[in-house]
Amino acid sequence: MIAGMTLSSLAASVNVEVPLDLRRAKGWVGQLLENVLGANAGNKPEPDFIDLGIELKTLPVDKNGKPTESTYVCVVPLSDTTGLRWNNSIVRAKMNHMLWLPIEADKQIPLGQRRVGAGIFWRPDVDTEVQLAADYNEFIERISLGEVESITADQGNWLQIRPKAANSSMLTEGIGEEGQSIRTLPRGFYLRPSFTRGIIEQWRSTSPEGGDK
DNA sequence: TGTTGATCATGC
DNA sequence: GCATGATCAACA
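Rendered as structure tokens:
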């Protein structure tokens, strides 16, 4: 029902002001859509629609419909990694059912005039999940071995690990090279734009609304 | 121009 | 400080 609507009309429907730009309101679009659609997980590490088990993600896209940014998934566990496996991971819980909402992100369009696209309900197919699991397990193994400081963003096929903090001086507990406790920058799991591009392309080729371009 | 590392706002 | 929502902006 909200496909095609502008952010300013959606904001008006929930009595929210539209900021001039996103520089000081980076998560504004995502929070607006949570509001409009009634997501209820708050800031808990659970899917947004708890009862449905569905994770809501806005996906900024350029004029060609290609994602312009990576997608944050969740915080990376850096200290208590024993027993962590793909099957009991928060990454898997969130990615099991996702609702993607493409949003126009061309900076030439004023924020309030940007439109929401058709929602894409998505679940990973078997091959995709195998690859995500491989990325995840490799990262967790390296973290368990005390290699967190040598993980860079160019590692991982679909998932990547990057800093996720208020600033570069934030520290959290991690595992050092000798297995000791260290202080290290908090990290997050992110999905590469190449991954979300695939979701859009898959939708375009299979949905009646999607056309074939 | 795409990526990587850094950063912004909010709630508790 | 940690978890949510993400985008910014410098640099390769």
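So the first sequence is residues 324 to 536, counted in the numbering used here. Positions of the beta carbon are idealized from the N, C-alpha and C atoms, including for glycine. These numbers come from a predicted model, not from an experiment.
Grab me the residues of Leu379's own chain with a C-beta within less than 6 Å of its C-beta, minus the 5 sequence neighbours each way, in chain order. Ala362, Asp371 and Leu422
Grab me the residues of Gly350's own chain with a C-beta within less than 6 Å of its C-beta, minus the 5 sequence neighbours each way, in chain order. none
In the DSSP assignment, find the alpha helix (DSSP H) that holds Trp526 and state where it starts and stops. Pro516 to Thr529
What's the call for Lys430, buried or exposed, on a 16-neighbour Cβ count within 10 Å? exposed
Just list the residues that DSSP pairs Thr394 with in beta bridges. Leu514
Let me know the secondary structure DSSP gives Ser492 once reduced to three states. coil
Please state whether the Cβ-Cβ distance between Gly440 and Ala326 is less than 9 Å. yes
Is the beta carbon of Met493 less than 9 Å from the beta carbon of Leu508? yes
Segment contact, 8 Å Cβ cut-off, at least three pairs: the stretch 401 to 420 with the stretch 484 to 491: no
Sequence-distant residues of the same chain with beta carbon closer than 6 Å to Ala476, five excluded per side: Gln483 and Arg485
Reduced DSSP category for Trp409 - H, G, I as helix; E, B as strand; rest coil: helix
Any idea if Val341 is buried or exposed, counting beta-carbon neighbours within 10 angstroms, 16 or more meaning buried? buried
Indicate whether Ile523 and Leu382 have their beta-carbon atoms separated by less than 9 Å. yes
Is it buried or exposed for Ile426, if we count other Cβ within 10 angstroms and need 16 for buried? buried
DSSP three-state assignment for Ser504, whether helix, strand or coil: strand
Name, in chain order, the residues that DSSP records as bridge partners for Met418. DSSP lists no partner for Met418.
Arg437 and Leu330: beta carbons closer than 9 Å? yes
Which term fits Lys417, buried or exposed, when burial requires 16 or more other beta carbons within 10 angstroms of its beta carbon? buried
Would you mind working out which of Asp448, Asp374 and Lys386 sits nearest Phe518, comparing C-alpha positions? Asp448
Excluding the 5 residues flanking Ile466 on each side, which residues of the same chain have their C-beta closer than 8 Å to its C-beta? Val399, Pro400, Leu401, Thr404, Ile474, Gly497 and Ile498
With DSSP as the reference, identify every bridge partner of Trp445, one or two as the case may be. Met421
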